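A short worksheet on the structure shown next.
Residue numbers (the numbering used here), protein chains in the order written: chain B, 349 to 765; chain U, 84 to 559.
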């Protein structure tokens, strides 16, 4: 017989989102909490992010990833919140039954009063890019290389080309350089970088690493180990331009071509995913369409700053406590819509008249544009912004008073000139 | 001195070795790569063809029909996944005559369970087909199998029954001496034997030239594929072929035994027997030509693309012959995988005809349990195993849910995995949607520990396929 536990509150994932949610729930008075973490320690991906720049918003100081994680781990330990490490959740059901596996208990189940999904995200692999050429050793996602360097202490490359200017790619350009590798170039398919402006400055410009916008890798060379890549300029439709090819000799290609929320378990609970975010759709409490199942952090949508992850997780943690106590009120249903220039919002719906901080990302770089929020035709919020970029998450706070008077049932978010 | 040396550890060499390991013979398999199943076996359509394609009376036809019949038993013995999903050769109205001709040929080849179906039934069976398709040949015996899984299992079972495997042995020359042969490798190793089985695939013509049987040639035909996420694994349930051309069976769309969707292959004749690179033209061909069969494949869910080389023989048929104690197998292109069990049986017959094999072993065991049998067990059975060995409770590859226990087993069972790709082919660890992004450092660490080698000496697929160059600055 396999073991069957009960817990008021199960948190799947012991990274920054899971830990913040646990601490917030504990502080709201719930004790019967269980964090399930697949790695051998708490902290999630922050364990390998040894660079600084974390915590500016949350703690007002610059911390490294492990330091930021430890701030929360210490709070988890202080409170004695139970967690299981090396434990992988295999399945969750819509009636909140969690099946997991580890070495000590084998396959076991936990019946949960509420669940928080905090599984994080994974990197997009090479397959989706359809790069022609051979399949030698030396092609890694940036995060995989980061693990080799920062956790295992080994160098997976000496002469490196990076495809994609997502933040991990930028961070790894600097990291590999500091460890003695030569980073030849960072190629970005889009005409702008998807990474934070400060990372382009501190990780590329400070080290003289060229960022080649509107460029992509069209062919990989090498039979056993990568010997080089051919890059090319792309047109407006992102198709390589014939004749623009350049061969770059290198032994390593790192990929930083996007992050995908890891929602296999979300789907197993019957929760539909949003096409843009690849995460669940949630209300202001971060509750999904299934009662008592909440989501926060990168599993919900990919964040640029961990500080926002913690913030979001606290909202989810507190709301889960209210759910467990039967206090959740859902007296209205306002849908949040977007114009395409705003790609998505989180939350996607509001179910109670309270102050809601709406997070969103834009589809392109916009300069001197206005962020506008409307109830039907009525503008309820408008603010001019010098620059909006896809790499930087934006927020708008919609007050309880504004929500109370919404007539159309929707709040539409747009970027206007 | 070996009684028999099989050159080439692909699915053909592996199945032959397994068949021969029944006998009281000293048997050796030599392979030029650092693992088994590294040639045409590694990258092909993974189909067990029913047997309607090949010319009536050809070796291809005979071997295919027999091989396809044997496959369920063989895969069961070897613990290899096999699924009898059936296949459809689809055609537009203009291609009806061709579909009917294939049906007729199939019947003449002795294929059972063939039937022509009409538009309504066809689209009811497969709702994602191109709506213009008007008829199809349904082959009930069509099936899917994983080719490298089969080859690994066959070699492993041969080894369990006493065969020896020598990897990284590239045949440079073969000398005849007295009543046997000396096979010399490019790095100076020598293996002596009485009989040779040349199952060298793309290189079988080169090896045949060394044994004086070089009256044929083999050239590589590139086939590119795309493998699509398991989310799309139910896009079709049958293997969908289009009416064939002289270059092959066209772009097929098929589920795989592991639940992915496979689209391919292209067919381009090339010169270089080592060039398995994919091409932009190849991708474009797959995007456009697959539309003849189906509509709406989610190519954006592609998890990997790859290229295999078919070993196309100069005679148009399988070449299987025996001269002077050498069995030569040339031009074993499609339907080579489907035919493998029958070819093995046939070669066994050739050798027996010369009295080369002697008695059957009393302790021969045709059963092999693969490393990833664990995933197929019930929760209760898994828990029993985890209780004894906690490593089965530790998931290493989260996408395919492969445990450390299975990886360790794959390293230590015959033929043991020696590198990251070897682990991947034996356990599926790293083969899922993240393509090893999370688990490959852990797999490297497990390989280093189990093989007793340094972390930086673990490779992707042997030889120069280095993963890490050395320690970072701070480490000594």
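Idealized CB from N, CA, C, for every residue including glycine. These numbers were taken from a predicted model, which means no experiment stands behind them.
key: Listed by chain order, chain B residues near residue 262 of chain U by CB distance under 7 angstroms   = As a position in the second chain, residue 262 of chain U is number 179, starting the count at 1. In chain order: nothing, as chain B lies at least about 40 angstroms away.
message = Taking contact to mean 3 or more Cβ pairs, one atom from each stretch, closer than 8 angstroms, check whether the stretch 510-517 of chain B and the stretch 531-543 of chain B are in contact.
response = yes
Best match in B:604, B:586, B:599 for proximity to residue 543 of chain B [C-alpha to C-alpha] = Locating residue 543 of chain B in the first chain gives position 195, where the first residue counts as 1. For residue 543 of chain B, the nearest C-alpha among the options comes from B:604.
request  = Please go through the same chain and pick out, in chain order, the residues whose beta-carbon is closer than 6 angstroms to the beta-carbon of residue 429 of chain B, but skip the five residues on each side of it.
outcome  = Walking along the first chain from the start, residue 429 of chain B turns up at place 81. 370, 374, 381, listed in sequence order.
ask   = Can you find at least 3 beta carbon pairs, one from the stretch 459-467 of chain B and one from the stretch 349-359 of chain B, that sit closer than 8 angstroms?
value = They touch, by the three-pair rule.
ask   = Anyone know if the C-beta pair for residue 393 of chain B and residue 366 of chain B falls short of 8 angstroms?
value = On the first chain, position 45 is the one that residue 393 of chain B refers to. On the first chain, position 18 is the one that residue 366 of chain B refers to. No, the Cβ-Cβ distance between residue 393 of chain B and residue 366 of chain B is not below 8 angstroms.
task = Can you have a look at residue 437 of chain U and say buried or exposed, based on whether 16 or more other CB atoms are within 10 angstroms of its CB?
result = Residue 437 of chain U sits at position 354 when you count from the first residue of the second chain. Exposed.
ask   = If we cut at 8 angstroms on Cβ distances, does residue 507 of chain B have a partner in chain D?
value = Included in the structure are the protein chains B and U, with no chain D among them.
message = Please identify the residue among U:149, U:273, U:90, U:392 whose C-alpha is closest to the C-alpha of residue 350 of chain U.
response = To locate residue 350 of chain U, count along the second chain from 1; it is residue 267. When C-alpha distances from residue 350 of chain U are compared across U:149, U:273, U:90, U:392, the shortest belongs to U:392.
task = Give the secondary structure of residue 609 of chain B by DSSP, where H, G and I count as helix, E and B as strand, and everything else as coil.
result = The residue you call residue 609 of chain B lines up with position 261 of the first chain. Residue state, collapsed to three classes: strand.
ask   = Quick one, which of U:131, U:92, U:208 has its alpha-carbon nearest residue 497 of chain U's?
value = Position 414 of the second chain, counted from the start, is the residue given in the question as residue 497 of chain U. Just measuring C-alpha positions, the residue of U:131, U:92, U:208 sitting nearest residue 497 of chain U is U:92.
request  = Please confirm if residue 115 of chain U has its CB atom under 8 angstroms from at least one CB of chain B.
outcome  = The residue given as residue 115 of chain U occupies position 32 in the second chain. Answer no: the Cβ-Cβ gap between residue 115 of chain U and chain B never drops below 8 angstroms.
inquiry  = Using only CA atoms, which one of U:433, U:237, U:170, U:309 lies nearest to residue 593 of chain U?
reply    = Chain U is shown only over 84 to 559; residue 593 of chain U falls outside these bounds and no answer can be derived.
ask   = From residue 194 of chain U to residue 87 of chain U, what does the alpha carbon distance come to, in whole angstroms?
value = For this step, residue 194 of chain U is matched to residue 111 along the second chain. For this step, residue 87 of chain U is matched to residue 4 along the second chain. Those two C-alpha atoms are separated by around 34 angstroms.
inquiry  = Rounding to the nearest angstrom, what Cα-Cα distance links residue 532 of chain U and residue 200 of chain U in this structure?
reply    = In the second chain, residue 532 of chain U corresponds to position 449, counting from 1. In the second chain, residue 200 of chain U corresponds to position 117, counting from 1. If you take the alpha carbons of residue 532 of chain U and residue 200 of chain U, they lie about 56 angstroms apart.
task = Please report the residue range of the alpha helix (DSSP H) in which residue 558 of chain B lies.
result = For the purposes of this step, residue 558 of chain B is taken as the residue at position 210 of the first chain. Here residue 558 of chain B belongs to no alpha helix (DSSP H), and DSSP marks it neither H nor E.
request  = Report, in whole angstroms, the separation of the C-beta atoms of residue 255 of chain U and residue 268 of chain U, which I expect to be a contact under 8 angstroms.
outcome  = The count along the second chain starts at 1 and reaches residue 255 of chain U at position 172. The count along the second chain starts at 1 and reaches residue 268 of chain U at position 185. So it is a contact: roughly 6 angstroms between Cβ atoms.
query = Quick one: what does DSSP say residue 226 of chain U is sitting in, helix, strand or coil?
reply = Along the second chain, read from residue 1 onward, the residue named residue 226 of chain U stands at position 143. Residue 226 of chain U: strand per DSSP, three-state reduction.
request  = Would you tell me roughly how many angstroms separate the C-alpha atoms of residue 649 of chain B and residue 627 of chain B, rounded to the nearest one?
outcome  = Here residue 649 of chain B corresponds to residue number 301 of the first chain, with the count starting at 1. Here residue 627 of chain B corresponds to residue number 279 of the first chain, with the count starting at 1. Cα-Cα distance, rounded: 6 angstroms.
task = Would you check if the distance between the CB atom of residue 245 of chain U and the CB atom of residue 453 of chain U is smaller than 8 angstroms?
result = As a first step, residue 245 of chain U must be located in the second chain, where it is residue number 162. As a first step, residue 453 of chain U must be located in the second chain, where it is residue number 370. In this structure, residue 245 of chain U sits away from residue 453 of chain U, with a CB-CB distance that is not shorter than 8 angstroms.
inquiry  = With distance defined between alpha-carbon atoms, name the residue in U:204, U:142, U:512, U:206 nearest to residue 402 of chain U.
reply    = Taking the second chain and counting its residues from 1, one reaches residue 402 of chain U at position 319. Of the candidates U:204, U:142, U:512, U:206, the one whose C-alpha sits nearest the C-alpha of residue 402 of chain U is U:142.
task = Locate the alpha helix (DSSP H) running through residue 161 of chain U, then write down its first and last residues.
result = Within the second chain, numbered from 1, the residue matching residue 161 of chain U stands at position 78. Unbroken alpha helix (DSSP H) run through residue 161 of chain U: 142-161.
query = Counting contacts by CB-CB distance shorter than 8 angstroms, is residue 456 of chain U in contact with chain B?
reply = Residue numbering aside, residue 456 of chain U sits at position 373 when the second chain is read from its first letter. It does not: the Cβ of residue 456 of chain U has no partner Cβ on chain B nearer than 8 angstroms.
task = Identify which residue in U:550, U:400, U:367, U:359 has its Cα closest to the Cα of residue 304 of chain U.
result = Numbered from 1 along the second chain, position 221 holds the residue referred to as residue 304 of chain U. It is U:359 whose Cα lies nearest to the Cα of residue 304 of chain U.
One or two residues paired with residue 303 of chain U in a DSSP bridge = Counting from one through the second chain, the residue named residue 303 of chain U turns up at place 220. According to DSSP, residue 303 of chain U bridges with U:394.
query = Going along chain B, which residues have a C-beta under 7 angstroms from residue 469 of chain U?
reply = On the second chain, position 386 is the one that residue 469 of chain U refers to. Annotation: Cβ neighbours of residue 469 of chain U in chain B (cutoff 7 angstroms, chain order): 451, 454.
task = Check whether the stretch 659-669 of chain B touches the stretch 623-642 of chain B, counting contact only when three or more Cβ pairs, one atom from each stretch, lie closer than 8 angstroms.
result = yes
query = What are the start and end residues of the beta strand (DSSP E) that includes residue 383 of chain B?
reply = Position 35 of the first chain, counted from the start, is the residue given in the question as residue 383 of chain B. That run of the beta strand (DSSP E) goes 381-384.
8 angstroms Cβ cutoff, residue 505 of chain U in contact with chain B = Within the second chain, the letter at position 422 stands for residue 505 of chain U. Output row for residue 505 of chain U: interface = no.
inquiry  = Using the Cβ count rule (16 or more neighbours within 10 Å means buried), how would you classify residue 129 of chain U?
reply    = For the purposes of this step, residue 129 of chain U is taken as residue 46 along the second chain, with counting starting at 1. With 16 or more Cβ atoms within 10 Å of its Cβ, residue 129 of chain U is classed as buried.
inquiry  = Along the stretch 483-516 of chain B, where does the CB come closer than 9 angstroms to a CB of chain U? Name the residues.
reply    = 483, 484, 485, 486, 488, 489, 491, 492, 495, 496, 497, 498, 499, 500, 501, 502, 503, 504, 505, 506
key: Beta-carbon separation (whole angstroms), residue 212 of chain U vs residue 206 of chain U, contact threshold 8 angstroms   = As a position in the second chain, residue 212 of chain U is number 129, starting the count at 1. As a position in the second chain, residue 206 of chain U is number 123, starting the count at 1. Indeed they touch by this definition, with Cβ atoms about 6 angstroms apart.
Per DSSP, the bridge partner or partners of residue 416 of chain B = Position 68 of the first chain holds residue 416 of chain B. Paired residue(s): none; residue 416 of chain B is not in a bridge.
Pairwise C-alpha distance: residue 384 of chain U and residue 322 of chain U = Stepping through the second chain from its first residue, residue 322 of chain U is reached at position 239. Stepping through the second chain from its first residue, residue 384 of chain U is reached at position 301. Taking the straight line from one Cα to the other gives about 19 angstroms.
ask   = So which residues of chain B does residue 524 of chain U contact, with C-beta pairs closer than 8 angstroms?
value = What you label residue 524 of chain U is simply residue 441 of the second chain in a count that begins at 1. Ordered by position in chain B, the residues that pass the 8 angstroms Cβ test against residue 524 of chain U are 492, 495, 496, 499, 500.
request  = Could you tell me which residues DSSP puts in a beta bridge with residue 649 of chain B?
outcome  = Counted from its first residue, the first chain places residue 649 of chain B at position 301. Per DSSP, none; premise fails for residue 649 of chain B.
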